[in-house]
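Numbering (this note's numbering), first residue to last: 92 to 232. Following: one structure in structure tokens, then a few remarks.
Spelled out as structure tokens, the structure:
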């Protein structure tokens with residue numbers, strides 16, 4: 092039996108723990124799109140260094156854990172156009188939903204936020220439709 096689910100469980104625990112620590116120490120929701128968005132539009136103000144450190148941790152922690160777990164095959168496509176389209180759609184979706192999976196799915200649902208629950212249901216449904224469309228109908232992934 093494959094044991095890849097363990098890595099997903101560990102990743103989920105790390106994200107959930109990170110969200111809890113961020114809320115406890117800063118009193119703010121750990122929404123990655125909001126953090127990145129505030130850096131891009133320069134509205135972070137005095138929180139800029141804190142947000143840059145957070146993003147550095149998001150990027151560096153997997154690199155630091157690679158010696159312990161080895162490289163993980165994500166089964167990502169080699170099709171650059173699909174990757175660009177996926178990135179643009181995720182960016183558009185986070186703007187439309189006023190947040191991302193970490194803000195709505197992890198932090199919003201754990202606080203029983205109706206907006207977080209609805210947003211999570213919507214992006215899970217959109218992801219399922221996307222897989223059916225792009226993998227099973229168009230065959231591009």
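Where is the CB? At the ideal position from N, CA and C, for every residue including glycine. Because the structure is a prediction, the values reported are computed rather than measured.
Could you say which of the options lies nearest to residue i if we only look at CA atoms?
i	options	result
residue 215	195, 227, 201, 226	195
residue 167	232, 99, 213, 140	232
residue 144	165, 121, 93, 179	121
residue 124	230, 193, 210	193
residue 146	126, 203, 165	126
residue 201	101, 109, 95	109
residue 180	104, 138, 221	221
residue 95	162, 178, 206	162
residue 157	102, 230, 93	102
First and last residue of the alpha helix (DSSP H) that includes residue i?
i	result
residue 210	205 to 222
Since residue i contacts residue j with CB under 8 angstroms, what's their CB separation in whole angstroms?
i	j	result
residue 197	residue 106	6 angstroms
residue 184	residue 159	Not really, about 33 angstroms apart at Cβ, beyond 8 angstroms.
residue 219	residue 208	Not really, about 17 angstroms apart at Cβ, beyond 8 angstroms.
Problem - Runs of beta strand (DSSP E) lying entirely within the segment 106 to 176, each at least 3 residues, in chain order - result: none
Practice task
Flag this pair as touching only if the segment 128 to 142 and the segment 219 to 227 have three or more C-beta atom pairs under 8 angstroms; answer yes or no.
Solution key: no
Practice task
Examine the Cβ distances between the segment 115 to 124 and the segment 167 to 177 and report whether three or more of them are shorter than 8 angstroms.
Solution key: no
Exercise for the section: For the segment 204 to 215 and the segment 178 to 193, state whether three or more C-beta atom pairs, one from each stretch, are separated by less than 8 angstroms. Expected result: yes
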